[in-house]
Structure formats: structure tokens, C-alpha cells
Amino acid sequence: MKQTTYLLLKAIVLLSFFCLPDHAFAQPGKDYKVASIGFYNLENLFDTIDSPTTNDADFLPQGRLYWNTEKYVSKMANMSKVISQLATELTPDGLALLGVAEIECKKVLEDLVAQPDLKARNYQIVHYDSPDERGIDCALLYQPKYFQLLDSRAVPVILKNPKTGIIDFTRDILYVTGNFNGELLHVMVGHWPSRRGGEAGSGWMRAAAAAVCKNLSDSIQSLDPNAKIVIMGDLNDDPDSKSLTQVLKARRKADDLKAGELYNPMYDLYKDGNGTLAYKDSWDLFDQMIVSKGLVNKPIGGWQLYNAHVFRQPWLLQTEGAFRGYPFRTFVGDIFINGYSDHLPVYLFLLKRRS
238 MKQTTYLLLK
248 AIVLLSFFCL
258 PDHAFAQPGK
268 DYKVASIGFY
278 NLENLFDTID
288 SPTTNDADFL
298 PQGRLYWNTE
308 KYVSKMANMS
318 KVISQLATEL
328 TPDGLALLGV
338 AEIECKKVLE
348 DLVAQPDLKA
358 RNYQIVHYDS
368 PDERGIDCAL
378 LYQPKYFQLL
388 DSRAVPVILK
398 NPKTGIIDFT
408 RDILYVTGNF
418 NGELLHVMVG
428 HWPSRRGGEA
438 GSGWMRAAAA
448 AVCKNLSDSI
458 QSLDPNAKIV
468 IMGDLNDDPD
478 SKSLTQVLKA
488 RRKADDLKAG
498 ELYNPMYDLY
508 KDGNGTLAYK
518 DSWDLFDQMI
528 VSKGLVNKPI
538 GGWQLYNAHV
548 FRQPWLLQTE
558 GAFRGYPFRT
568 FVGDIFINGY
578 SDHLPVYLFL
588 LKRRS
């Protein structure tokens with residue numbers, strides 16, 4: 238019964254392509270491949286082992302949060318539960334690629350992909366240690382069934398304070414290239430600087446991170462104007478923030494993108510009231526996925542963007558207390574409430590007509 242329902246839903250979605258805008262598929266009755274790419278801020282996925290290279294004092298058995306094996310095992314199970322369900326409405330394989338943030342080290346990802354809910358997907362890991370002061374990193378998980386890794390590197394984001402000239406470092410931009418079912422795909426995963434100290438006062442730092450992504454994107458597209466690029470991450474800004482619209486040049490509409498501009502499919506979701514995290518009873522959509530013209534230009538062919546989603550399920554939200562309706566996180570203050578993350582995950586679907 239479950240398989241029948243899945244096939245019926247997939248057929249309905251595929252047959253509805255003739256109603257999509259011009260940048261999407263327009264011919265009904267065709268058979269398409271479906272794949273999905275997502276991003277999830279895992280909210281402080283630390284192990285219980287003291288590390289000399291990370292600021293993990295709170296996440297130790299005798300630390301402030303009394304982070305022990307029992308809590309770690311529960312966190313792993315919760316994270317894998319969420320990830321295993323992402324994008325399964327259209328593909329039983331779930332996410333072909335998943336960018337993640339707020340992870341301590343590669344070992345926690347090895348433990349994550351070995352969880353029963355995820356093990357069969359054989360996720361591989363791309364990870365580099367970053368110079369972040371807390372030691373938290375970004376990474377990319379991928380299924381070899383869909384993606385064959387060609388190259389990867391960590392691109393530093395150097396922060397030079399415009400007032401003091403003091404130089405600081407934050408989390409790198411992870412840049413990965415690979416063969417995505419026969420096509421070259423460029424992926425950037427980031428966790429841009431936070432709004433600590435206020436949105437206005439810290440905006441220059443996110444602009445610096447956006448500029449790194451923009452420079453990478455421009456370099457790629459200078460060699461191939463139709464290059465297929467996905468930029469994802471916890472950007473700590475909304476789709477209409479200056480770092481996105483003025484620096485990265487991520488536009489709300491996919492039609493008539495100018496050279497070097499990108500398309501942000503999260504923009505309309507945000508304007509419709511969707512968000513990925515809540516603060517002071519207001520929702521922000523910091524977790525975003527942005528694509529190049531090559532993924533929204535039907536004549537180019539190959540993989541093309543279908544749509545984007547925020548994964549918002551009732552069980553991912555708190556049901557009581559002062560933070561009722563907020564994402565159900567791991568801790569509230571120092572109190573372990575055994576939730577998931579303070580962010581909701583996001584993902585997009587790509588479609589490709591079978592040859």
C-alpha cells in the first residue's frame with residue numbers, strides 16, 4: 238500500500254510539470270529522473286571526547302551540559318531520523334547530497350551515517366577542519382549512487398574589521414565538485430558569521446562570506462556560463478538581506494537572470510511566512526539553497542530545478558512551554574530536552590528527463 242501511494246504521488250507530480258513556469262519542465266507524460274539536495278544545521282553535534290583543537294568544554298561528561306554517551310546516542314538517533322525522511326515524498330533514496338553545519342569533527346559524521354536509518358544509503362563524507370573559534374565545521378554527505386567526487390577544498394573567509402583593521406577567521410566555505418549523474422556539479426556549503434552583536438553591526442562579516450561565494454561562482458561561470466552550481470548553508474541572513482541580494486546577487490525570480498546572478502528559490506518561501514528558525518516569536522529563513530542559471534534554464538537540459546522546501550513537521554516543533562511552536566532543539570538553556578535542532582532542514586528537487 239505504501240509503495241502504491243508513493244508511485245501515485247510521483248506520477249501526479251510528474252504529470253503536473255506542464256503547469257510549471259518556463260524555467261521548469263513543460264511537457265507532460267515524460268519520464269524523469271528525480272534527485273534531491275538538502276542542508277541541515279545539526280546544532281552542536283559534538284562527541285563526548287575532549288579535543289585539543291575544539292572549544293568543546295560544555296560538551297563533555299563533566300562539562301556545563303553534562304554531555305554523555307546516552308545524550309550523544311539519542312542525538313544521533315534524532316538527527317538520522319530527520320535526515321532519513323527528507324525528500325522521500327518523491328524519491329525513496331532521500332537526499333543525494335546533504336550539506337551540514339555545526340559538527341565538531343569527521344568522527345561524528347561517521348557515527349551519523351552509520352545509524353540504522355541511514356546506513357543503507359552509504360553516505361560518503363567530505364570534511365575539513367575549520368579555523369572557527371568554537372571548532373565547528375561544515376561538511377557534505379553524498380550518495381555514490383548519484384555523485385562521484387572529483388575535487389574538494391576549504392576556502393577561507395578572512396574577516397577584516399573595517400573599523401579596527403583586526404583580522405579574524407570564521408568557518409570556511411566548503412567547495413566540492415563532482416559528477417552528478419553524468420553532469421558536472423559545483424557545490425558550496427557555508428555557515429556564515431552569526432548576528433552576535435546585532436544584525437547591523439555584524440553585517441559586514443556575512444558580506445565577506447557572501448563575497449567568497451560570489452567570487453567562486455563568478456570564476457566558475459567565467460569558464461562555463463551554463464555551469465550548474467548549488468550554494469547552501471546557514472547564512473545567518475534572510476533572502477532579502479543585503480549579503481544575499483547585493484553581494485551574492487541572489488534574485489527572487491529565475492527569469493532573465495543577468496550574467497553572474499543567481500536564483501534563490503527560498504525567497505518566495507520566506508515572503509510566504511516560512512522560516513527555519515525562530516527568535517523572539519519571529520521566524521527567519523537563514524537556511525537557504527541558491528542555484529545558478531544553469532539549473533533554471535530549460536534549453537540547457539540535464540538536471541533542472543523543480544522546487545524547494547522547508548521540512549516542517551509537527552514533531553520537529555516544541556509543543557509546550559515558553560518556546561512552543563519553535564524548532565524542538567536539543568537543549569533549552571542548560572536543560573536537555575532531547576529534541577532535534579534549533580533549525581529546520583531545507584531541500585530542493587532536481588529533475589532530469591531520461592534519455
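Here the working numbering is used: the first residue of the sequence shown is 238, the next is one more, and so on.
All C-beta atoms in this analysis are idealised placements derived from N, C-alpha and C, irrespective of residue type, glycine included.
For this session: Evaluate contact between the stretch 421–430 and the stretch 468–483, counting only Cβ atoms and requiring at least three cross-stretch pairs below 8 Å.
Result: yes
Exercise. Which same chain residues, not among the five before or five after V271, have their C-beta less than 7 Å away from its C-beta?
Worked result: Non-local beta-carbon contacts of V271 in its own chain, meaning distances under 7 Å to residues more than five positions away in sequence, involve L327, T328, F586, L588 in chain order.
Exercise. Closest by CA to D287, which one among P502, T306, Y277, S273?
Worked result: T306
Exercise. In terms of residue numbering, what span does the beta strand (DSSP E) encompassing R390 cover?
Worked result: 384–392
Exercise. Counting along the chain, where does the alpha helix (DSSP H) carrying W441 start and finish?
Worked result: 436–460
For this session: Compute the minimum distance between the beta carbon of Y379 and the heavy atoms of the ligand PLP, and state whether it is under 8 Å.
Result: With respect to small molecules bound, the structure shown includes none, and the ligand PLP cannot be examined in it.
Problem set entry | For F384 and R408, the rounded distance between their alpha carbons | 25 Å
Problem set entry | K344, buried or exposed, once every other Cβ within 10 Å from all chains shown has been counted against 16 | exposed
For this session: List the whole-angstrom C-beta distance separating M526 from P502, where the pair is believed to meet the contact cut-off of C-beta under 8 Å.
Result: 7 Å
Problem set entry | Touch test, the stretch 390–405 against the stretch 340–358, Cβ-Cβ under 8 Å, three pairs minimum | no
Problem set entry | Reduced DSSP category for P551 - H, G, I as helix; E, B as strand; rest coil | P551: helix per DSSP, three-state reduction.
Exercise. Is Y507 buried or exposed, if buried means 16 or more other CB atoms sit within 10 Å of its CB?
Worked result: buried
For this session: Note down, in chain order, each residue of its chain lying with its Cβ closer than 7 Å to the Cβ of D405, except the 5 sequence neighbours on either side.
Result: Excluding five sequence positions before and after D405, the CB atoms of its chain that fall closer than 7 Å to its own CB belong to L396, given in chain order.
Exercise. Which residue spans inside the stretch 498–545 form an unbroken beta strand (DSSP E) run of at least 3?
Worked result: List check, beta strand (DSSP E) in window: 514–516, 519–521, 524–528.
For this session: List the DSSP bridge partners of S273.
Result: F586
Exercise. Excluding five sequence neighbours on each side, which residues of the same chain lie with their C-beta closer than 7 Å to the C-beta of A448?
Worked result: Around A448: V484.
Exercise. Does the stretch 442–460 come within contact of the stretch 475–491, defined as at least 3 CB pairs closer than 8 Å?
Worked result: yes
Problem set entry | N359 classed as buried or exposed, judged by whether at least 16 other C-beta atoms fall within 10 angstroms | exposed
Exercise. Which of helix, strand or coil does DSSP assign to E307?
Worked result: helix
Exercise. Any idea if L499 is buried or exposed, counting beta-carbon neighbours within 10 angstroms, 16 or more meaning buried?
Worked result: buried
Exercise. Can a CB atom of chain D be found closer than 9 Å to the CB of L542?
Worked result: In the structure shown, chain D does not exist; there is a single protein chain.
Exercise. Count the other CB atoms within 10 Å of the CB of N278; is the residue buried (16 or more) or exposed (fewer)?
Worked result: buried
For this session: Compare the C-alpha of K535 against each of A496, I574, A491, D524 and name the closest.
Result: A491
For this session: Excluding the 5 residues preceding and the 5 following L494 in the sequence, name in chain order all residues of the same chain whose CB lies nearer than 7 Å to its CB.
Result: Cβ neighbours of L494 beyond the five flanking positions: R488, Y500, K530.
For this session: Work out the CA separation of A496 and Q458 for me, nearest whole Å.
Result: 9 Å
Problem set entry | Simplified DSSP state of K397, which is helix, strand or coil | strand
For this session: Can you grab the Cα-Cα spacing for the pair D268 / F568, in whole Å?
Result: 45 Å
For this session: Name, in chain order, the residues that DSSP records as bridge partners for I340.
Result: Paired residue(s): L282, D374.
Exercise. Going by alpha carbons, who is nearest to Y379 out of P430, L335, S592?
Worked result: L335
Exercise. Are the Cβ atoms of L453 and I410 separated by less than 9 Å?
Worked result: yes
Exercise. So is G402 buried or exposed if we call it buried at 16+ other beta carbons inside 10 Å?
Worked result: exposed
Problem set entry | Alpha-carbon spacing of V310 relative to Y577, whole angstroms | Pairing V310 with Y577, the inter-Cα distance amounts to about 12 Å.
Problem set entry | Which of helix, strand or coil DSSP assigns to D295 | helix
Problem set entry | Residues near N473 by beta carbon distance below 7 Å, same chain, minus five either side | Only W429, P430, S431, R432, R443, F523 meet the Cβ criterion.
Exercise. The beta strand (DSSP E) with D474 in it runs from where to where?
Worked result: Careful: D474 lies outside any beta strand (DSSP E) and carries neither H nor E.
Problem set entry | Simplified DSSP assignment, three categories, for T482 | helix
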